[in-house]
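Right, one structure below, let's go through it.
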Amino acid sequence: LADHAPEVVIADRGYDKKALVDVIEARGAEAVIPTQRNRAEQREVDPHLYRERNVCERFWAQAKQYRRVAT
């Protein structure tokens, strides 16, 4: 994120850290990161934007199955 100015940062629950979300929002971007289920304060996440992460991950997982693309 150091040299980029994104409008939206999409990540999975593993990146749900208050410090990371604060850095993203301080740079003027929207953090589309679902909160952990055990957190007291739950953040709202746009389901349509979060679905894009899933589509992208599935594409790359399928592309990695082809050896020429993977190497």
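Under this note's numbering, residues 107 to 177 are what the sequence shown spells out, in order.
Just so it is clear, CB atoms sit at the ideal spot from N, CA and C, and this is done for glycine as well.
Which residue's Cα is closest to the Cα of Y156: K123, R145, A167 and E136?
E136
In terms of alpha-carbon separation, which member of E131, N160 and N144 lies closest to E113?
E131
Just to confirm, are V161 and V138 a CB contact at a threshold of 8 Å?
no
Helix, strand or coil, according to DSSP, for A137 in the structure here?
strand
Residue from G120, R133, E158 and V129 with nearest C-alpha to P140:
G120
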